[in-house]
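Contents: one structure, followed by commentary.
Numbering (this note's numbering), first residue to last: -3 to 728.
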């Protein structure tokens, strides 16, 4: 009996053990639990219907659970169907023994499903604006996912669901200038937290990589953070301005090549507006070609039409009302490569900048200061300042140019939004110029007045710019405020041969114009030089006198070998018209090419020969003229001397037309005419043919570069010519 009992017990045990092994390894199939699983799905949404095949049941002995799994499942809602690869679940054995069917979780694996199709299916269950917009924009793509749904003890769905999977070959309809395609990524979605990894997509045919992207939901506000890496991006001009407004960002860019490592985060609020954007970027700018509309030719004589940045390492930090850009690299402005460093910080009200440019083997000129950089040395340009983004005013705290022992420094230069100079605290210059002359000068501000103090200064280039019309600066009234400039220079070079001592006086400015001036100095032999300007209501009177005319006349290239003489200038400006008189006394010239040409045409070879000898001496030169805009009217130009005399008038329209006429007469003929006035008839006509020819009349007319000259011998001098000559002779 006992043997039968033990045998039966062993058989039962073996049967149970075999059943357990079978259930644990091979399992069984049944449709017994189909209704229960379908009921669980309906708890999620009662519109859902689940079509199941037979369910495979496996035993997990260690967890005392039954694992249920079925292959090929259809989930329906009305006329919409989604096909799943499989559904599996775990049921506690204790609950089955107690007569309860309560799965702890439901695992769903999808087949490859069209993204658009699954969005449409979800909309059939729960429609909302977000899904509608998403359905409209998604063009194509496929999704594969594993879904884990967890239930509580009462069989209710918990909120700690997990959805893992991937999206492949996604594409979104074109939005404005943005074309998104070839979208591939992995995702891991939980309640209120969405994790995306290895995102690869094509943006306007450019590959973009986002290694990670996280979205966190907090009371329907979405905090989005992530990282993107882009290598070897190359953009042309039209592609750049697909992303950036041409008028506001990167004006003039032609092309660019770069790599980018970028961390970012931002918040999308309940109204779907982006807030609290933060960006932390490392930009490797390999090359950027751009053009500039600003003319730097006078400072950088070999500047290219197209400029470039190359090999820049740039750190960019951005958050609300704050932007920081810090970088350095090469800048290609001229033939050779130079270096640049920069540190920009932008807040809501202010933009501060700190920039250093190192010009190495390229030239640089500071024209008005008569300075040229040595090609074999480095010149550093430092610029520190800020811009008030409310008033648009710019404060340049420090501008420093340094090359070897040459220093140019400006402090606290204030510029208005209209690009006018408002004020300047100090200028310090200490340099050797092109003429190998030492310049040491400082300008400082005290209240509204400025004080210029200098041991030595080469004013040659300044005088050139003032005397040559083609180099005059436009009257742009760059200074906004009114001020007085007090001047004290121990030694001033007018050119290499002429120095004046103790230049003292002042210049008064109003609205950028000189309204009053009083400057005087002396040459080495105590010769005087003086400038005055006085203003009365709408009239301005300018006088200039120099015991030596040569330093100023020599600057006109068409006059050669000018010697001796003094210069006296007087001008009255009223209603934009200047009436002026220029007088030069007791001088001689060796060569005046234009005059020589007139004499040669008149066949007065004897007089022309004088121009290549020791020179022609004049006792007086007077020119009365008026200016208005670009027009110069010569009322009278008269010069008299022992060898020759000239009387001329006409007008010049700058860059358009020259029209001059006059009389040129040998002085021997004039003397003979003047001394013989009682018998003027015989003198004018002459006793023999040709004997009464006095000189030539001439006309010069045409565009400045295509002048035509006509010359005719004259036998009769005009009364005006004779009258002016007599006046001069009497005066002398």
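Ideal Cβ placement from N, Cα and C applies to all residues, glycine included.
Values in this document were obtained by computation on a predicted structure and should not be read as measured data.
Item, Value
"DSSP-derived helix/strand/coil call for residue 141", "strand"
"Pick from 634, 266, 313, 628 that is closest to residue 655, judged by C-alpha positions", "628"
"Euclidean distance between Cα positions of residue 114 and residue 212", "23 Å"
"Candidates 527, 625, 457, of which the one nearest residue 551 by Cα", "457"
"Contact belief for residue 410 with residue 389 at Cβ below 8 Å, rounded distance in angstroms", "6 Å"
"Per-residue DSSP class, three states only, for residue 119", "helix"
"Proximity of residue 517 and residue 500 at Cβ, strictly below 9 Å", "yes"
"Start and end residues, beta strand (DSSP E) containing residue 546", "It is not in any beta strand (DSSP E) - residue 546 instead sits in the alpha helix (DSSP H) that spans 546 to 549."
"Whole-Å CB distance - residue 428 paired with residue 434, under 8 Å assumed", "6 Å"
"Contiguous beta strand (DSSP E) assignments of at least 3 residues, all confined to the stretch 140 to 225", "158 to 171, 174 to 186, 189 to 199, 202 to 214"
"Same chain, Cβ closer than 8 Å to residue 480, neighbours up to 5 away in sequence not counted", "444, 445, 446, 502, 503, 504, 505"
"Collapsed DSSP secondary structure at residue 52 in the structure displayed", "strand"
"Cα-Cα separation between residue 137 and residue 273, rounded to whole angstroms", "29 Å"
"Identity of the residue in 222, 202, 201 nearest residue 210 by Cα", "222"
"Span of the beta strand (DSSP E) around residue 499", "495 to 506"
"Coarse secondary structure for residue 34, derived from DSSP in three states", "helix"
"Sequence-distant residues of its chain with Cβ nearer than 8 Å to residue 199 (five each side left out)", "174, 175, 176"
"Residue 569 beta carbon less than 9 Å from that of residue 526", "no"
"Beta-carbon proximity check, residue 354 vs residue 336, cutoff 9 Å", "yes"
"Pick from 179, 523, 365, 193 that is closest to residue 432, judged by C-alpha positions", "365"
"Exposure of residue 693, with buried meaning 16 or more beta-carbon neighbours within 10 Å", "buried"
"Three-state secondary structure assigned by DSSP to residue 274", "strand"
"Whole-number beta carbon distance between residue 558 and residue 519, since they are thought to touch under 8 Å", "That belief does not hold up - the Cβ atoms of residue 519 and residue 558 are roughly 16 Å apart, past 8 Å."
"Whether residue 330 touches residue 430 by CB criterion (9 Å)", "no"
"Spatially closest choice to residue 158 from 203, 507, 184, by CA coordinates", "184"
"Spatial distance of residue 448 from residue 622 (CA atoms)", "33 Å"
"Whole-number beta carbon distance between residue 250 and residue 302, since they are thought to touch under 8 Å", "7 Å"
"Presumed contact (8 Å Cβ cut-off) between residue 66 and residue 49, rounded CB distance", "5 Å"
"Where residue 678 sits in the DSSP three-state scheme", "Summary for residue 678: the model assigns pLDDT 41, below 50, so the residue's position carries little reliability, and this model does not support an answer."
"For residue 404 and residue 244, the rounded distance between their alpha carbons", "Confidence at residue 244 is low in this model, with a pLDDT of 43, below 50, so its placement is unreliable and no value can be given for it."
"Bridge-paired residues (DSSP) for residue 646", "630, 656"
"Beta carbon of residue 729 nearer than 9 Å to that of residue 653", "In the structure as shown, the chain starts at -3 and stops at 728, and residue 729 therefore has no counterpart that could be examined."
"Residue 640 classed as buried or exposed, judged by whether at least 16 other C-beta atoms fall within 10 angstroms", "buried"
"Contact set for residue 298: own chain, Cβ-Cβ below 8 Å, skip 5 residues either direction", "330, 331, 358, 359"
"Test item: CB-CB of residue 71 and residue 44 under 9 Å", "yes"
"Proximity below 9 Å, CB of residue 304 to CB of residue 286", "yes"
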